[in-house]
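Asks:
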Amino acid sequence: MKLKFGIKEVVALGIGTALFVVLTTVQIPFFIVPNTALQPRMAVLAFISAVFGPIVGGVAGLLGHALGDAFFYGWVFPEVVVGAAIGAFANKFAVTEGGFADKKKIILFNIVQIVANAIAWIVVAPVLDILIYAEPANKVFAQGAFAFVGNIVIIGILGTILLVAYSKISGKSSDLKVEE
Amino acid sequence: MARMISYEKKDTPIHKLSGFTKLVFFILWCMTSALTFDTRILILMLFMGGTIYAISGTKWNQVSGVFKAIMLFMAINLVCIFFFSPFEGCKIYGTRTDIVYLFGKYYLTREQLFYEFNVLIKYFTVIPSVFIFLTTTDPSELASSLNGVGVPYTIAYSLEIALRYIPDIQDEFHRIKNAQEARGIEMSSKGNLFSRIKNTASIIFPLLFSSMERIEVVSNAMELRGFGKKKSRTWYSRRKLTPGDFAVLAFIIIFFCISMIFTYYDGSRFYNPFI
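Chains F and H, in that order, are what the protein sequence lines are.
Going by our numbering, the first sequence opens with residue 1, and the numbers climb by one from there.
Going by our numbering, the second sequence opens with residue 181, and the numbers climb by one from there.
1. Step through the CB atoms of chain H and report whether any lies within less than 8 Å of the CB of Glu97/F.
2. In the DSSP assignment, the beta strand (DSSP E) including Val124/H goes from what residue to what residue?
3. Let me know if Tyr73/F comes out buried or exposed under the rule of 16 or more other beta-carbons within 10 Å of its beta-carbon.
4. Could you give the DSSP three-state label for Tyr73/F: helix, strand or coil?
5. Please list the partners that Thr422/H has in chain F, where partner means a Cβ-to-Cβ separation under 8 Å.
6. What is the rounded straight-line gap between the Cα of Asn110/F and the Cα of Val44/F?
7. Measure how close the beta-carbons of Gly150/F and Leu38/F come, nearest whole angstrom, since I'm counting them as under 8 Å.
8. Quick one, which residues of the region 291–317 of chain H are near chain F if we go by CB-CB under 9 Å, in chain order?
9. Can you find a CB in chain F that lies within less than 8 Å of the CB of Val398/H?
10. Looking at C-beta atoms only, is the number of pairs between the region 195–208 of chain H and the region 272–284 of chain H that lie closer than 8 Å three or more?
11. Under the three-state reduction of DSSP, which class applies to Phe283/H: helix, strand or coil?
12. Considering only the alpha carbon of each residue, which of Phe294/H, Val428/H, Tyr233/H and Ile307/H lies closest to Ser213/H?
13. With a threshold of 8 Å on Cβ separation, who are the neighbours of Arg464/H within its own chain once the five nearest residues in sequence on each side are excluded?
14. Quick one: list the residues of chain F neighbouring Glu268/H, beta-carbon separation under 7 Å, in chain order.
15. Against Phe264/H, what residues of chain F qualify as contacts under a CB-to-CB distance less than 8 Å, listed in chain order?
16. Quick one: which chain F residues come within Cβ less than 8 Å of Met402/H?
17. Thinking just about the alpha-carbon of each residue, which of Leu326/H, His354/H and Leu208/H is nearest to the one in Arg419/H?
18. For Ser439/H and Trp209/H, what's the separation of their Cα atoms in angstroms?
19. Name the DSSP beta bridge partners of Thr289/H, please?
20. Measuring straight from C-alpha to C-alpha, what distance separates Ala182/H and Ile55/F?
21. Mapping DSSP to helix, strand and coil, what is Leu108/F?
22. So which residues on chain F does Ser338/H lean against when the C-beta distance must stay under 7 Å?
23. With Gly53/F and Ala90/F assumed to form a contact (beta carbons below 8 Å), what rounded beta-carbon distance in angstroms separates them?
24. Rounding to the nearest angstrom, what Cα-Cα distance links Phe93/F and Phe431/H in this structure?
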């Protein structure tokens with residue numbers, strides 16, 4: 001696991017959080033139930049986590065949500081789960097080294113994100129809503145299920161594309177090569 | 181698009197408080213609101229929140245965009261609660277007083293109305309506190325005062341970077357969006373789901389990659405200036421806690437404890453006017 005917290009991680013955490021907050025306003029409505037629009041910011045969070053590791057991913061999710069919409073605190077923690085879980089595999093993904101472009105990594109990334117989202121949106125978020133707002137159980141689980149589907153779709157499509165593209169760019173060596 | 185809520189320098193008693201005091205106040209305030217369902221405490225908090233909002237001198241146009249978005253969300257949320265569970269209030273309060281029959285299995289009951297009213301004012305107690313916190317807290321000062329109470333300065337600095345770069349990244353976001361729209365990429369709600377994801381990607385790609393570059397540049401600059409070499413650092417904007425800060429801290433801690441005792445002394449977090 002990437003547990004280093006150096007200068008780069010400090011800055012990545014700050015700017016990652018800022019990105020997450022700014023992208024809060026970008027939502028693709030998907031179904032009318034609140035809190036379940038497709039959120040491109042989740043793809044960005046997945047990206048940041050996969051590149052910089054669990055601490056940056058988890059804390060960026062927490063701070064980003066807290067600053068972006070501090071109004072629904074029950075929904076802060078799912079993001080922490082998603083960010084930290086994807087970040088835990090950051091070393092395996094080797095995004096900045098250009099290793100993400102092969103199929104195995106993409107499949108691993110998507111398995112991790114689906115499991116993380118399942119825990120986050122089908123368990124953590126609804127339970128917190130029931131505890132804090134005493135909202136009807138069937139409503140919050142329905143909401144959670146929609147959020148789960150929405151997030152795996154957006155991270156699966158947008159997150160994967162972003163990671164592959166970035167991995168291709170940053171991994172490219174600019175050194176001269178001996179012609180064979 | 182509405183501009184994000186951001187810090188604005190003013191000369192009010194709230195602005196003079198230390199960032200740490202405001203953060204503790206904000207967290208305890210939200211916890212009180214989250215834990216209690218006692219209508220009397222919530223209404224008291226509503227009045228207090230309104231008063232503090234007035235003192236803080238926050239202008240309506242600073243927050244109106246965000247406020248309207250929340251209102252819309254809340255309206256949908258309350259309707260959803262009703263449609264998913266029209267008798268949630270009856271379950272909570274243990275009685276049932278029908279007002280009017282609607283259709284199917286849906287009756288409008290007083291308990292349900294009261295329960296949804298509680299959910300509504302619960303949100304309303306939190307909203308002004310978020311607005312006040314964001315508009316009156318100077319990011320640099322918050323970071324320095326967090327470090328002052330023992331938070332590692334690397335974390336404090338991350339928070340400061342986040343708050344510092346939100347407006348910059350927002351400007352960049354708008355620039356990219358305008359540029360893509362000028363190239364004819366449709367951003368409105370037309371088009372199917374997949375094409376909308378694709379169009380959103382056309383903004384997020386350049387934004388994310390320029391942010392990665394920004395991370396590189398900023399972290400190199402910080403490294404050149406020797407960031408993180410020593411165990412502690414000094415802060416330009418550090419302020420000592422004043423008697424006013426201590427008074428506010430004492431007040432919110434006492435308020436939190438009393439609300440908790442008041443809410444839970446009868447064993448239930450709900451205030452029940454129906455018995």
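A virtual CB, placed ideally from N, CA and C, is assigned to each residue, including glycine.
Since we're looking at a predicted model, the values are computed, not measured.
Replies: Here's the rundown:
1. no
2. The structure shown has nothing for residue 124/H, since chain H only spans 181 to 455.
3. Because Tyr73/F carries a pLDDT of 48, less than 50, the predicted location of this residue cannot be relied on, and no value is offered for it.
4. Residue confidence is low: Tyr73/F scores 48 on pLDDT, short of 50, so the model does not pin down where it sits. Its coordinate-derived value is still stated next. Looking at Tyr73/F - three-state DSSP - the assignment turns out to be helix.
5. The premise fails here: Thr422/H is roughly 26 Å from chain F at the closest Cβ pair, so nothing lies under 8 Å.
6. 14 Å
7. 5 Å
8. Tyr295, Asn298, Val299, Lys302, Tyr303, Val306, Ile307, Ser309, Val310, Phe313 and Leu314
9. yes
10. no
11. strand
12. Ile307/H
13. Because chain H is modelled from 181 through 455, residue 464/H falls outside the range shown and cannot be assessed.
14. Pro136
15. Pro136, Asn138, Lys139 and Ala142
16. Ile7, Val10 and Val11
17. Leu326/H
18. 10 Å
19. Asp278/H
20. Because the pLDDT of Ala182/H is 44, which lies under 50, any placement of that residue in the model is unreliable, and the number read from its coordinates should be weighed accordingly. Computed Cα separation, rounded: 31 Å.
21. helix
22. Val10, Leu13 and Gly14
23. 4 Å
24. 49 Å
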